[in-house]
Structures are given as structure tokens and as C-alpha cells.
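In my numbering, the protein residues as written are 5 to 324. Heads up: the structure comes next, in C-alpha cells.
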């Protein structure tokens, strides 16, 4: 009973009901919520704290920003259904109509910021892409690999702009993207909004120490990320920890090459990976490397490796 009282007290304010309605549309920073609600950030922060204390909202930090999302589905869904039922009887509140219009402005601001970033970095990206096969061909190979199957709980490590989530998020029962860079996560939010996938979760985190428990993923994607890692074997070990039995780890990266300038110009730590290197790291962490595909480009070959998680036994993981 005390828990129910806590929840209903948290909802006993029109602003907090508006916040709940906004967060069901998309994750928002405190500043963006303040912009939509037309209130000061300290006031909005107080409302958010009350909702978070009641388990109705969750906060996570990305750099200097704090983003808000709804709490766990099992707690929030019954509340949202009750709110919807009451609104159906009384009609849509004028505040919700105004909030929707201002939320559209937030979406537009995010999209504009993403376009500015890409315009500033287009030359750097184009130089690297000219060395290997077109992204569209890599994506087509992945689509064939997944063959329209349900991917279950999808995790995209080093999600960057969220491209893998945009492509495959609808094939998953749930999806989350993790990246260390707050700037990239903001870009991903803008791109996913354009694809109508705003409810996909995005979290700041280190791919070598994931903010997830054991066996919480059915499909993990590492797309052109591993060559940035100082300890790639440790990254694979961490991904294997998060995978459930029979889950799949999909690695997309370069075959061994000798383009040393990529270390300086693009911060690559590793100049590609050999098949036996990848399959060895996978085997040491309970994964069977059962798919290896090569996509040859002008100077760099893109490889796709799939590792399937064996049922948990006494698996010894390595991180060297």
C-alpha cells in the first residue's frame, strides 16, 4: 500500500503528468524538458526527482547532460493505460497539444545539430569510406545474415550514430545502443527520431565494462568498433558475458592491412584482425565462430564474424 501511495503522490501534479506523457514519446534531457514545459530547469529537476524516486522515471548521465526516460515497463505501463483511459473520457488536455508542438521543435533542433556535425566531418568520413566497400553492401550482407529473424534483445556496442539500430531495431523485441561519446549519442537520438525509433534506449558506457548484467542480450553487434579498442579480447569477453545462451555476437571490422596512416588520422589502434585471432578470442569466451564472410573493397577488406554462445558451463574468459 505504501508503494502505491508513493506512486499516486508522485502523479498528483499536472506538470509531472505532462512529463510522463513526454517521456513516453522519447528520452529528453532536463534542458529539453524545461524548453517544452516552459519552466525553469531547477523546477523541472525537482519534478523529475519525485518521479524517479517513485520508480516512474529513470535518469542517466551523458557527459554534462542528464537524460530522462520512463521507468521499467512493468511499473509504468499500468499507469499509462490508466491515464489514457481517463483522457479518453475527458478529451485531450490543451497542455498536451501545446507540449506536442514544442516537442516537435526539440526534434527539429536535434536533427539540425546532427546535420551540422556531419557537414563538418564529411571529408574525414569520406576519405576512410573510399578505401573499403560501400556501406550499403555491408548492410545488405548483414540483412541477409539476419534474414528477417527476430533478434530478441538487441545491443549495439559503440553505436555511434545509431545506424545499426535504425536498420535492425524493428526486428528486435527490445534494443539498446551503448557508446562512450555523449556527442555521438546525441547524433544517434536525432537519427533514430528521423526513423521513428525514439523508444530505443541509448546509454553512455564503456564497451569494455558494460552497464548491463549477465545474459541480458540475444544479439550483440560490434560494427567497425573493435579496431579502436586497446584490448579487443577484453571487449569480446565482456560481450560474451552479456550474451544469453545461444545468443549471437556479430563483429564487423577490417581484415589485416598495412594502412599505418589510419592510426594517426583516424585513431585506429589495431590494423585489422585475422580470422584465427577472432575465432580464438570467441572460443575462449564460450562462443563458436560459425560464420566468416569477406567483403573486398579497394584497399581494405571488411570481414563479418558471427559467434554463437554455447550454453553456460565452466567457461574461462580471457582479456589479454
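All C-beta atoms in this analysis are idealised placements derived from N, C-alpha and C, irrespective of residue type, glycine included. Predicted, not measured: the structure shown is a model, and the values here were computed from it.
Strictly by DSSP, which residues pair up with residue i?
i: residue 162; result: Per DSSP, none; premise fails for residue 162.
i: residue 239; result: In DSSP, residue 239 forms no bridge with anything.
i: residue 338; result: Since the displayed the chain opens at 5 and closes at 324, residue 338 lies outside it and no answer follows.
i: residue 297; result: 308
i: residue 157; result: 178
i: residue 313; result: 291
i: residue 32; result: 72
i: residue 252; result: 223 and 312
i: residue 63; result: 72
i: residue 247; result: 221
Quick one: what does DSSP say residue i is sitting in, helix, strand or coil?
i: residue 264; result: coil
i: residue 199; result: coil
i: residue 320; result: The pLDDT assigned to residue 320 is 49, lower than 50, so where the model puts this residue is not dependable; a value taken from the coordinates is nonetheless given after this. Of the three classes helix, strand and coil, the one that applies to residue 320 here is coil, per DSSP.
i: residue 78; result: helix
i: residue 54; result: helix
i: residue 47; result: helix
i: residue 231; result: helix
i: residue 172; result: helix
i: residue 150; result: helix
i: residue 6; result: helix
i: residue 258; result: strand
i: residue 213; result: strand
i: residue 302; result: coil
i: residue 27; result: helix
i: residue 137; result: coil
i: residue 12; result: helix
i: residue 20; result: helix
i: residue 185; result: coil
i: residue 271; result: coil
i: residue 108; result: helix
i: residue 280; result: helix
i: residue 113; result: helix
i: residue 88; result: helix
i: residue 99; result: helix
Could you check whether residue j and residue i sit closer than 7 Å to each other, using their CB atoms as the reference points?
i: residue 234; j: residue 273; result: yes
i: residue 178; j: residue 157; result: yes
i: residue 240; j: residue 285; result: yes
i: residue 171; j: residue 211; result: no
i: residue 313; j: residue 290; result: yes
i: residue 191; j: residue 204; result: no
i: residue 155; j: residue 181; result: no
i: residue 188; j: residue 209; result: no
i: residue 58; j: residue 10; result: yes
i: residue 230; j: residue 257; result: yes
i: residue 260; j: residue 288; result: no
i: residue 137; j: residue 299; result: yes
i: residue 24; j: residue 202; result: no
i: residue 306; j: residue 142; result: yes
i: residue 262; j: residue 168; result: no
Is residue i close to the ligand SAM? I mean its beta-carbon at under 6 Å from any heavy atom of the ligand.
i: residue 265; result: Because no ligand of any kind appears in the structure shown, any question about the ligand SAM cannot be addressed here.
Does any residue of chain D have a CB that is nearer than 7 Å to the CB of residue i?
i: residue 41; result: Chain labels in this structure do not include chain D; a single protein chain is all it has.
Just checking my contact of residue i with residue j at CB under 8 Å: how many whole Å lie between their CB atoms?
i: residue 73; j: residue 62; result: 5 Å
i: residue 308; j: residue 149; result: 7 Å
i: residue 71; j: residue 33; result: 5 Å
i: residue 26; j: residue 40; result: 6 Å
i: residue 255; j: residue 282; result: 6 Å
i: residue 28; j: residue 84; result: 6 Å
i: residue 297; j: residue 151; result: Residue 297 to residue 151, Cβ: 14 Å. No contact.
Say whether the region 60 to 76 touches the region 97 to 114, bearing in mind that this needs 3 or more beta-carbon pairs closer than 8 Å, one atom from each stretch.
no
Fill in: Inter-stretch contact at 8 Å, needing at least 3 Cβ pairs: the region 233 to 251 / the region 207 to 222
yes
> Taking contact to mean at least 3 C-beta pairs separated by less than 8 Å, is the region 11 to 24 in contact with the region 48 to 67?
Replying inline: yes
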